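There are 4 protein chains.
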Amino acid sequence: MTATPTAPPGWDAESLVDRFTEVRAHTESLAAPLSPEDQTVQSMPDVSPTKWHRAHVTWFFETFVLAEHERDFAPFQDQYWFLFNSYYETLGARYSRADRGFITRPGAHDVGVYRRQVDDRMRDLVTTLGRTDQGSLDKLSATIELGFHHEQQHQELLLMDIKHVLSRNPLQPVYAGTASARCEPDDLGWVEVEGGLVEVGHRGDGFSFDNELPRHRQWLEPYRIADRLVTNGEWRAFMEDGGYRRHELWLSDGWAKVNAEQWRAPFYWSEHDGVWLEHTLNGTAPVNPGLPVSHVSFYEAEAFATWAGKRLPSEAEWEHAVVSDGQGGAAGGTPHGGGVVNLADTTTYHPTAATPHEQSTPRLRQVYGDCWEWTSSAYHPYPGFHPPEGAIGEYNGKFMSNQMVLRGGCALTPPGHARATYRNFFPHASRWALSGVRLADGGAPRPSDSDLESP
Amino acid sequence: MTATPTAPPGWDAESLVDRFTEVRAHTESLAAPLSPEDQTVQSMPDVSPTKWHRAHVTWFFETFVLAEHERDFAPFQDQYWFLFNSYYETLGARYSRADRGFITRPGAHDVGVYRRQVDDRMRDLVTTLGRTDQGSLDKLSATIELGFHHEQQHQELLLMDIKHVLSRNPLQPVYAGTASARCEPDDLGWVEVEGGLVEVGHRGDGFSFDNELPRHRQWLEPYRIADRLVTNGEWRAFMEDGGYRRHELWLSDGWAKVNAEQWRAPFYWSEHDGVWLEHTLNGTAPVNPGLPVSHVSFYEAEAFATWAGKRLPSEAEWEHAVVSDGQGGAAGGTPHGGGVVNLADTTTYHPTAATPHEQSTPRLRQVYGDCWEWTSSAYHPYPGFHPPEGAIGEYNGKFMSNQMVLRGGCALTPPGHARATYRNFFPHASRWALSGVRLADGGAPRPSDSDLESP
Amino acid sequence: MTATPTAPPGWDAESLVDRFTEVRAHTESLAAPLSPEDQTVQSMPDVSPTKWHRAHVTWFFETFVLAEHERDFAPFQDQYWFLFNSYYETLGARYSRADRGFITRPGAHDVGVYRRQVDDRMRDLVTTLGRTDQGSLDKLSATIELGFHHEQQHQELLLMDIKHVLSRNPLQPVYAGTASARCEPDDLGWVEVEGGLVEVGHRGDGFSFDNELPRHRQWLEPYRIADRLVTNGEWRAFMEDGGYRRHELWLSDGWAKVNAEQWRAPFYWSEHDGVWLEHTLNGTAPVNPGLPVSHVSFYEAEAFATWAGKRLPSEAEWEHAVVSDGQGGAAGGTPHGGGVVNLADTTTYHPTAATPHEQSTPRLRQVYGDCWEWTSSAYHPYPGFHPPEGAIGEYNGKFMSNQMVLRGGCALTPPGHARATYRNFFPHASRWALSGVRLADGGAPRPSDSDLESP
Amino acid sequence: MTATPTAPPGWDAESLVDRFTEVRAHTESLAAPLSPEDQTVQSMPDVSPTKWHRAHVTWFFETFVLAEHERDFAPFQDQYWFLFNSYYETLGARYSRADRGFITRPGAHDVGVYRRQVDDRMRDLVTTLGRTDQGSLDKLSATIELGFHHEQQHQELLLMDIKHVLSRNPLQPVYAGTASARCEPDDLGWVEVEGGLVEVGHRGDGFSFDNELPRHRQWLEPYRIADRLVTNGEWRAFMEDGGYRRHELWLSDGWAKVNAEQWRAPFYWSEHDGVWLEHTLNGTAPVNPGLPVSHVSFYEAEAFATWAGKRLPSEAEWEHAVVSDGQGGAAGGTPHGGGVVNLADTTTYHPTAATPHEQSTPRLRQVYGDCWEWTSSAYHPYPGFHPPEGAIGEYNGKFMSNQMVLRGGCALTPPGHARATYRNFFPHASRWALSGVRLADGGAPRPSDSDLESP
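Residue numbers (my numbering), protein chains in the order written: chain A, 438 to 892; chain B, 438 to 892; chain C, 438 to 892; chain D, 438 to 892.
Right under this line is the structure:
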C-alpha cells in the first residue's frame, strides 16, 4: 500500500527495532498523565477511549505482522481481535464503534500488559529475521513502517479525543502544559503563486500513505495564499459582524447545522459573563486573540472566507504553494521553513502565534503544526489511484466520500508525521479535530482564456 | 415525608451513628470488587456508574443533613453539587443524566475521599447533637433514616447497573459468587384469598416511604395467587409455544416493542449453538430451568400470564395475600415466612429455586428477595397522598405516571430494606431491573353482584 | 364482545336498515364540507385522512359482516383490505399507519363509490335475512350494531383529525359554524358525593363496548367533584402564575414534555402581538375566557389540578357521581340532566359555556359533550375482563397500557354515542383530542380508618 | 446571474410572450393526468406535491418579475409568498419543506386560478414594456428567461416526485404511456479521448446557469468512456455476483447505507415470487434487461464501476468527451448526435434502449436524455465562481457541498433544457432522481510523468 516494489524502505533490523521502540514509547508517554478512568471514557461516537487507542495500535502489529509472520502464532487474547479492530470488514465482525466506552476490561493496566507482550514479540521477530532472512524482513518492514505511521495517527487522535473527554467535565481538568501569554494578531501577508501545469502527490521515495499517490499533473491559474492562519481575534470580528447569524455567508448545509446545533462560536469556546473562554489541554482560559482559531468546521471556515471576501485554497494550491516556497522538505523528512514548527513535541499541545515576518517578501508561516488547514477540495482519489488488495486496502480508499481534505498538521501531530503531500480528511461539520483556516485568493481564469470554442 | 409527627423514629445518637456506619460500609463493600474503570462506565441512560452511586448517596447526606444543620457548612467541592444531584429540580441545574459516564474525575479513589470526609462530619454532627440537643436530633434523625433507605435503594441499583455494564463486555467478567447447580421447577401451588374490604398501605409505625401512605380501604373479590415465582423452565415452554411471535398474547405497545427491539427471550439470555445462556453477576452459564425467570419486562410478564390463562396480581391483592399469609412482618422489620429469603446478604446475587413445600396447604414462597414481582397496578398515588414540601417532596410523587408497581424485593435488595407495603416501580418495557413474575387468578365479580341499579 | 347471549339487541330488519342508513349518512355529511385535497392529508401519525376514515368504517362492515355472511362474497377491491385495515393483526398485513396520507388513490370520489356499493349489499343482506332467517339476523345484528358504534367513534375522530389538518394551514380555513360570543366563567360549584361500596361498569342491558364490563364493586371514600369544566379564563390564570414554568406542579414525565416540546399553552393556542388566539373548526379567534379549556394533555390537566390545590377524579368517582346525580340515563340511551348537552348535533363543533345554575344545590353540568374529561385512572381492564375470541377481540383489550381514561364525551361526539359508563382513553401527552378538565377533591381515608392491623 | 452584460438575451416582447406561454402550458399538461389528491401528497421530504410545483414556479415570476416591475403591484394572496417560497432565505420566513404535503388549500383548482392570473399579468407587463421601454425589457428578459429554465427544472422534478408518490400506492397507478418491449443489452463500446489542457464550462453565448461559469482550463490525461449507459441486464449480473453483499466494492458511507436501508436492488425494483419488477410511470412490469439501469445512487454507481473494474468519469471528462464527439451542440440549443434523444417529449417517460452502433468507431450514445449520469466529481464552484447579489444568488452556490455532479439529462427532462455544460447535482445516497451510470477508464498519469522534483 505504501512503498512500491522499486522503492524498498531500506530498514535494517536494528534501526527498525529502535524506531519501533521510540514510536511505542511515545504513545505511552501521552497516556501517562491520564487516570484509568480518563482512559476508559468515550464522550461521543467520534471519540475513542485512550486505552482503546493504546490497544488498537497494538492489535495492528499483532494482526498484520505477528499473525502473518510469527511461527506458531497465537493471539494474546481471542476477544481482543474483536474488541480492537477499528473498521476492517475483511477481518470479520468487530465491536460497535459507538460502544467502545462501555468496555471496562481490559483496564488501562491490562492494556499495558498487552502492549509489552506484543512489543517483545515484535522485537524478537524483527531481530531474528534480521539475522536469518533479510529478504523477508525487507518485505515485512513496509508493513511495520505503516504501523509506525498508523500509531502516529492514533497518537494525534488520542490527544484530540481526550481533549473532548475532559471538556465534558465541569471540574475542567488540565491534561498538561500552560496557556500562552495573551498576544495580538500579527499582520497577514500574501504569497503570490504563478501556477500553471503543476505536479501534486507524493513522488514515491520514502514513506507515504496510498492516498498521496499517484503523483499527477494539474492546471492552476495564478493565485495567492495567506502567509499565516486566521486568528482568534479575526474570528471575533467575524462573530461580532453577525457571522453566525447571516445566512448569506453560509453553504445551505452549513446554515442548517448552525441552526440545528446552535453554533455561535468555535467548538471549545463558551461565554461566561460576557467573556469568551476556550477549553484547551492546558485548561480553560480567556480566548487569546493572537493565536490561530481552532476547532472550526469546514462550514465555518468557508463562511469566514466568504465574509472576508476570500476563499479556501484547493489542496493542489496548498501543496504547490508550500513546495514553491521551499518548504516541501525531503520526502519523508521533517519540513523546514522560516518559522517555528509547532507539532506535539512541545508541551503547549495548542496552536501558538505566528512568528513575525523576517523578510519583506512574505513566506509561508505555520505550514506544519498549529492547526490542520481546511481546503476547498473534496477527499477523492487521485487519478489512477488503486487501493492495495486485502484488509490493508481498507486503510484509506473507502473513506473517499463526504469528507474534505485538510493539509499541514497540527499542534497534536507527532514530529516526523507531517509532510507537504499528506492528506488528512474530516466530514464538513467536524469540529473536534484541531482544525483551522488559511485563506486564499485569485485563481480565476483570465477573461482572455475563454476565446476557445464553447460547447 | 416519612415518619409522622406522632411517630418519632426514636433514635439515640449512638445507634444512629452505628447504623450510619453499617449502611455506608455496605455500599463500599459492594464496590470493592470493581476496578476504577468498572466504576466509571454508563452503559445506557438508565444505568449510573458505580462511583456516581457512591458519590450521590453521599451528596444526599451532605445536602439534606450537613448543609442544613452543620455550623459553618461549606461543601466538599462546589461542582459536586452539580454533578451528583440526581433529579431534584428544586436544587437547581444538574449534570445531564445520560452523560454521567463522561465524567472521569473525580475518580473512584477521589469519591472514596469524599465519602470519608462526609462520614466523619456526619458522625461528628450526630454525636454532638446527641450530647447537646436531643430535640434537634429527633427532628434530624427522620432525614438521616431516609438517607439510610435512600442509600439502600442505590445499593440495589448499583448491582443492577454493574450487571448491565459487565454484560456489554465480550470478555464476560464475573462480579462475584458462583452459579446455582442445575435444578428443575418445583410444583406450583395456589393460595386462596378471601378478599372483601381490606386495608392496604403502611400503618405508620416504623419507617416507610411516602408513597406507601396513607393506609386506606379497598374492595377485593375472592382470588388466588401462586405460591412461587414463574421459572425459567416455564418460560422456555412459553418461548417454544411461540410466545414471542404470537401477537394475540401481547398488549399493543408490548407487541411494538417485541418487534422494534427484536425481543425473543429475557433480557440477559442469548442463544449460542442452540443453547440458551444467561448472563449473571456470577458469570455466563446455561439457563437453569428451576430458577425464577428474571429480567423480564411488564409486557413480557403480562403476555406470559395471558398465555398461561392467568393474570398478574394487583398490588393490593399482592399485599393483602402476603399479610393474610402471616408474612407481613413487623413494621420496618425483616420479613419472616416459610422459606429462605434470598436478599443481597447471600453471595449468589441471583434468584434461587423455591424451597419445597413444607405443608399440604400452600404458603407463599419467595415473597421477599429473588425477583421484584410485576403487578397489574399502575404506579399512582394512594387516595389522599400528598408529597412533603420542598426538595424532598420530589422523592416519589413526581414519578407517578407511566410506570407499573413491583412488589417484594430481589436478590440484590439489601437486608432490612424489604417490607409488605414497599412499592417499587419501573416503566412497562424495563428489563434491566431484576424483575420476575408471580401469577394470580380469580378476582372477577360474581354474576349475582350485578343485580343493582345500572347506569 | 358486546351483547351477552341473554341480552339480544332485539333489532328487526327494518329498524336495523334504518339505523344503518342514518349512521352511514351522518359520516358523509361530516365529510361534505371537505375538498378531495382536505380528505387526503395526514398531518401527523395520530391523524388519519378523512377518506381513510370513510373507507375504513366501510371495510369494517365488509370484513366482519359481508365476508362472513354474504353468499358468494367477493371483496370490492382486493387491495382495499390491505389499505383500510386499521390494526387487526389477526387479519394479516396492513398498510403502515403513519403512511396513510401517501395514498392518493382511491380518491375521495372512489371512496364514495365503495361506500355506496357496500351500503347496498348490507341492506340487501339484512333485508333478505329478515325475510328468511331471523335467527341468523339476531346473531348478526350484534356485529352490525358494533359497526354503528365503531363508525360513530370514527365520526368523532374524523372531526378531531381534520381540525389538526386545517390547523397546519396558514390560510386558516374554516370547517363550519361560527365562534361563540365572548363570555366570562360562571361560578364553579362542588357536588358532594358520599361514596362507600359502589358499583361501576355497564349493567349489560343495551349496547356497550367490552371495556365497560364486567360491572363490579369498588370502595370510595367521600369526595366532591366540580359541577362544571375548567375554563379558558382559569387556564389563563394558571399560565400567568407560571404554570408552564414551575416544575413542582408537574409529573416528571410531563415536565420533560413541557421542555422538549416547548409547551406554554393549550395545543391550539398561539400568541400574536400579545393576544392569545385559538384555532377551532369555526376558524381562528381570540381565546374566549368563559368556554371550557380544551386540547390539554393529561399532564397539563394534572398540573393544573395541583396548582389549584385539587386533583382529577378517578373514573369510578366520575361515574358514580354522574349516576348519583341522576344523569346515568337509560342504558344505551341519551343522557339527560339539568343543562344543555353539547354533542356534535349542534353546529358549533366546539365546547360552549356552562349553563347557569338553576338551583341552590349544585348539579353536575357539562357531563356529556363539550370536552372529554381526563381522570386519574390508568386504562386497565376491569376485574374479570376477557376480550372475545378472534379479530374482534383486538377492539379494546390490547390497548390497556400507557393510557389514561377520559369520561363524558365532547362537542365532536355523535349524539347517541355518550353514556355514563363509556371509557375513552388516550396517552398521557395527547393533545389533539378534544379533552378538558373537571376537578375533584376529598376522597382521602379518615384518620380513624387506620386502626386496623398494619403489615 | 446568467447572461453577462455583454451578452443580452436578445428577446423581443412577442417571442418572449410566446415562449412564456409555451413553457407554462407544458407544466399544466404534465399535471393534467393527476387528480387533486395526487397533486396534494408529499411522500417523503425530498418530494414536493404537484400543486406545490405548479404554484412555486408561478411564485417565482410573481416575486422576481411582477413584484419588481409591475406598477401598483399587489400579491395574489399574501400567504402564498410564505407557502410557495422554496428556499430563499433573503425573502424571509417560509413554510417548512417537509410539511408541504400538509397544505390542502389552495387546492389544485385554486392553484390553476393563481397561475392564470399571474400569466395574464406577465403577458401584459411584457407586451406593454415591448411597446414602451425596450431597454427595461432587455434587462427584465434575463430574469424571465431564468424563470423559463427554472420552470423546466420543476417540470422534471414534478415527474420524479409524482413517480415516487404513485410508487407508495399498492394499487400501482399508471401515470401515462406504456412500457417498452423486452430487449437485450447491446454491445458496449469505448470512445477514446486524448485529453490534455482542455476547457470546461459554458462559453457565455446563450443561456446557462451561473454554476456552469466561468469557463476554465483543466488538465486531463488520456482516458476512455463508454458509448452507452449501463443496462438493467448488467446490473442483474452485479446483483447475482453479490454486488450488494460484498463490502469491498463499496465506499464506507455507501456500505453503511446498504446495511441501514437494506438496499439490494435499484430504488424502484421489488422481487415477487423470484421475479424482479420495476415501478415506472407506465406502471409496474418485469425489469427489462436491455434498458439503462435507473434510480441508483452515487454509492451504487461507484460500487458497480468498482465491480466492473472501471470507474465513473469526472465531470470534465464527461463534458470534454461529449464536445470532442461533436455533440456539444450550439450553446443553448438542442443537442445533436448519432442516436435518438429520449427526453420528456416522448410518452415513455422512461429510459429506452441504446440505438445500435451505426459505424465501426464508437460514438457516444444516450448522451442527453434517458438517465442523468453520475460523475466522480463533487459539486463545487468552478475557479472564479461568484454568485450574483441578492435572493437570486441563492439559486445554486449555496448547495455546493455534500453533493455529486450528474451530467446529460433524462427521460423526464423537458426538451430544450439539456446541454453539454449543464451541471445537475444530488446527494450521494439519492435514488429517487432518474439517475444512471456511464463507465470510464484510463486517465491515470503515465509513469514517465513522475520524473519531476517531488516534495
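Ideal Cβ placement from N, Cα and C applies to all residues, glycine included.
These numbers were taken from a predicted model, which means no experiment stands behind them.
| request: Kindly provide the ranges of any beta strand (DSSP E) runs that are 3 or more residues long and lie completely inside the segment 652-690 of chain B, ordered along the chain. | output: 653-657 and 660-663
| message | Can you confirm whether residue 676 (chain A), when its beta carbon is compared against all beta carbons of chain D, has any partner nearer than 8 Å? | response | No, its Cβ sits nowhere closer than 8 Å to a Cβ of chain D.
| Touching or not, the segment 581-598 of chain A and the segment 453-460 of chain A, by the rule of three or more beta carbon pairs under 8 Å? | yes
| request: With a 10 Å radius around its C-beta and 16 neighbouring C-beta atoms as the bar for buried, classify residue 559 (chain A) as buried or exposed. | output: Result: buried.
| message | Can you confirm whether the segment 496-508 of chain B touches the segment 619-628 of chain B when touching is taken to mean that 3 or more C-beta pairs between the two stretches lie within less than 8 Å? | response | no
| field | One or two residues paired with residue 721 (chain C) in a DSSP bridge | value | C:716
| message | Residues in the same chain with beta-carbon distance under 6 Å from residue 813 (chain B), minus the five sequence neighbours each way, listed in chain order, please. | response | Once the five neighbours on either side are set aside, the close Cβ partners of residue 813 (chain B) are 749 and 751.
| message | Rounding to the nearest angstrom, what Cα-Cα distance links residue 921 (chain D) and residue 746 (chain A) in this structure? | response | Not covered by the structure: residue 921 (chain D). The range shown for chain D is 438 to 892.
| task | Measure the C-alpha to C-alpha separation of residue 557 (chain B) and residue 451 (chain A) and round it to an integer number of angstroms. | result | 59 Å
| query | Is there a Cβ from chain B that is less than 8 Å from the Cβ of residue 607 (chain A)? | reply | yes
| Regarding residue 660 (chain B) and the ligand MN, is the C-beta to nearest heavy atom distance less than 7 Å? | This structure lacks the ligand MN; in fact it carries no ligand of any kind.
| Sequence-distant residues of its chain with Cβ nearer than 7 Å to residue 881 (chain D) (five each side left out) | Taken in chain order, the residues that qualify are 658.
| said: Suppose the cutoff is 8 Å on Cβ atoms and the five residues either side in sequence are ignored; what does the same chain contact list for residue 512 (chain D) look like? | reply: 499, 504 and 518
| query | What three-state label does DSSP hand residue 642 (chain A) in the structure shown? | reply | coil
| Who are the Cβ neighbours of residue 808 (chain B) in its own chain at under 7 Å, not counting the five residues just before and after it? | 666, 729, 731, 788, 847, 871, 872 and 873
| query | Are the beta-carbon atoms of residue 705 (chain C) and residue 715 (chain C) separated by less than 8 Å? | reply | Yes, these two residues count as a Cβ contact at 8 Å.
| Neighbour flag for residue 447 (chain D) against chain A, beta carbons, 8 Å | no
| query | Using CA coordinates, which residue listed in A:820, A:864 and A:876 is at the minimum distance from residue 639 (chain A)? | reply | A:820
| said: For residue 800 (chain B) and residue 852 (chain B), what's the separation of their Cα atoms in angstroms? | reply: If you take the alpha carbons of residue 800 (chain B) and residue 852 (chain B), they lie about 22 Å apart.
| residue 881 (chain B) touches chain C at which residues, Cβ-Cβ below 7 Å? | 651, 820 and 821
| message | So residue 826 (chain C) and residue 526 (chain C) are supposed to be a Cβ contact under 8 Å. How far apart are they, rounded? | response | Incorrect: roughly 14 Å between the Cβ atoms, too far for contact.
| said: Judging by CA-CA distance, which residue of A:758, A:591 and A:841 is the nearest neighbour of residue 633 (chain A)? | reply: A:758
| request: Spell out whether any CB of chain A is found under 8 Å from the CB atom of residue 444 (chain D). | output: Residue confidence for residue 444 (chain D) is low, a pLDDT of 41 falling below 50, so the modelled location carries little weight; the figure read from the coordinates is stated next. No - not a single Cβ of chain A is within 8 Å of the one on residue 444 (chain D).
| In chain A, which residues lie with their C-beta within 8 Å of the C-beta of residue 549 (chain B)? | Within 8 Å Cβ-Cβ: nothing; residue 549 (chain B) doesn't reach chain A, min ~13 Å.
| message | Using beta carbons (cut-off 8 Å, strictly below), is residue 789 (chain D) in contact with chain C? | response | Not a single C-beta of chain C is nearer than 8 Å to the C-beta of residue 789 (chain D).
| message | Let me check understanding here. Comparing Cα to Cα, which of B:609, B:470, B:762 and B:572 lies closest to residue 449 (chain B)? | response | B:572
| task | Return yes when the Cβ of residue 850 (chain B) is within less than 8 Å of the Cβ of residue 756 (chain B), no when it is not. | result | no
| said: Can you look up residue 841 (chain B) in the DSSP assignment and give me helix, strand or coil? | reply: strand
| request: At 8 Å on the CB atoms, spell out the chain A contacts of residue 472 (chain B), in chain order. | output: 473, 541, 542 and 544
| query | Closest Cβ-Cβ distance between residue 773 (chain C) and chain D: below 8 Å? | reply | Here the model assigns residue 773 (chain C) a pLDDT of 44, short of 50, so the residue's position is not dependable, and the following value carries that caveat. So, not an interface residue.
| Alpha carbon to alpha carbon, what distance is there between residue 649 (chain A) and residue 781 (chain A)? | 23 Å
| What are the residues that DSSP puts in a beta bridge with residue 634 (chain C)? | C:656
| field | Boundaries of the beta strand (DSSP E) in which residue 513 (chain B) is found, first to last residue | value | Segment: none, residue 513 (chain B) is in no beta strand (DSSP E) and carries neither H nor E.
| message | Counting C-beta neighbours from all protein chains within 10 Å, is the total for residue 890 (chain A) 16 or more, i.e. buried, or is it exposed? | response | Confidence at residue 890 (chain A) is low in this model, with a pLDDT of 42, below 50, so its placement is unreliable and no value can be given for it.
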